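Each remark here refers to the structure printed beneath this line.
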Amino acid sequence: MKITYIHHSAFLAETEHACLLFDYFKGSLPKLPEGKRLYIFASHRHPDHFSKVIFDIAAEHGDTVLLLSSDIWRKRVPEELKASAVFLKPDTVWEDGVLKAETFRSTDEGVAFWCTVDGHTLYHAGDLNHWYWDGEDPQWNENMTRNYRKEIGKMEGRHADAAFLPLDPRLGEYFYLGIDDFMKMVDTDWIFPMHFWGEFDVGARLKALDCSRGYRERIVEISRQGQEFSI
Numbered sequence: 001m002k003i004t005y006i007h008h009s010a011f012l013a014e015t016e017h018a019c020l021l022f023d024y025f026k027g028s029l030p031k032l033p034e035g036k037r038l039y040i041f042a043s044h045r046h047p048d049h050f051s052k053v054i055f056d057i058a059a060e061h062g063d064t065v066l067l068l069s070s071d072i073w074r075k076r077v078p079e080e081l082k083a084s085a086v087f088l089k090p091d092t093v094w095e096d097g098v099l100k101a102e103t104f105r106s107t108d109e110g111v112a113f114w115c116t117v118d119g120h121t122l123y124h125a126g127d128l129n130h131w132y133w134d135g136e137d138p139q140w141n142e143n144m145t146r147n148y149r150k151e152i153g154k155m156e157g158r159h160a161d162a163a164f165l166p167l168d169p170r171l172g173e174y175f176y177l178g179i180d181d182f183m184k185m186v187d188t189d190w191i192f193p194m195h196f197w198g199e200f201d202v203g204a205r206l207k208a209l210d211c212s213r214g215y216r217e218r219i220v221e222i223s224r225q226g227q228e229f230s231i
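Here the UniProt record's numbering is used: the first residue of the sequence shown is 1, the next is one more, and so on.
In structure tokens:
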């Protein structure tokens, strides 16, 4: 499986029979291979996760399925693409014989995606994260901790070949909490940080923390847009 980091939380994963494009809104896309179905995911409507440009990509590629969070308005999808658009609420399972997608409720907006395709498992968190903010009301942060751990608890004991997880430096000293909690629940071969606002050193910063001792070798250090990985 080949994985390309595009921008922010956008990744392209290419397997034997399919291409999966997650949360694309801008950035340079690799050439999409012909003959493979393209699945375009949008985890929610925030402009750093969703843009109408995905509809241009879908129209150009042809064999495309749009897997969109239900918070994205149906009227935003062009009429000629409505038949290929699927709107997913949290706690939903969708499959078409090539790909199986399960959704989880975000702690912000929309959904996270757990995908099974060609014998591979991939998890894209969207904005499902442990958003613990310094200076926020303590009760709000306590609720966030509880809600995040409850949601990822639904994945406990699962295995993912690759997990795309927020590692947001805006959270300050708490930037690592989401990944650290996730790794206590889910067995993951490779952790791809995302949502790091151009601060490419966040992976190295997490590796330097004592809490990551048990999984730091699985943290992928992304250094540039367009970087490709074979896993």
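Note that the Cβ used here is the ideal one computed from N, Cα and C, for glycine as well.
Remember, predicted model here, so these are calculated numbers, not experimental data.
- Within the region 33-73, the complete alpha helix (DSSP H) runs of at least 4 residues fall at 53-61.
- Going by beta carbons, H195 and L167 fall inside the 9 Å limit.
- Annotation for R213: no beta strand (DSSP E) segment contains it, and DSSP assigns it neither H nor E.
- With contacts defined as CB atoms closer than 9 Å, Y132 and L165 fail to qualify as a contacting pair.
- With a contact defined as Cβ atoms closer than 8 Å, N141 and T107 miss out at about 12 Å.
- Non-local beta-carbon contacts of D96 in its own chain, meaning distances under 8 Å to residues more than five positions away in sequence, involve V65 in chain order.
- Contact annotation, H61 with L38: C-beta distance approximately 5 Å; criterion of less than 8 Å satisfied.
- N129 counts as buried, since at least 16 other C-beta atoms from the protein chains shown sit within 10 angstroms of its C-beta.
- Here F200 is near S223, since their CB atoms are less than 9 Å apart.
- Annotation note: the region 170-197 contains the following uninterrupted alpha helix (DSSP H) runs of length 4 or greater, listed N- to C-terminal: 177-185.
- Beta-bridge pairing by DSSP links E95 to K100.
- In chain order, K2 place their CB closer than 6 Å to the CB of E14, counting only its own chain and leaving out the 5 sequence neighbours on each side.
- E14 carries a strand assignment under DSSP once its states are collapsed to helix, strand and coil.
- If you look at K150, you'll find it in the alpha helix (DSSP H) that goes P138 to G153.
- Rounded to the nearest angstrom, the gap between the Cα atoms of R149 and G27 is 32 Å.
- Taking 8 Å as the upper bound for CB-CB distance, V93 and V117 are not in contact here, some 14 Å apart.
- Judged by DSSP secondary structure, V202 falls within the alpha helix (DSSP H) whose first and last residues are V202 to K207.
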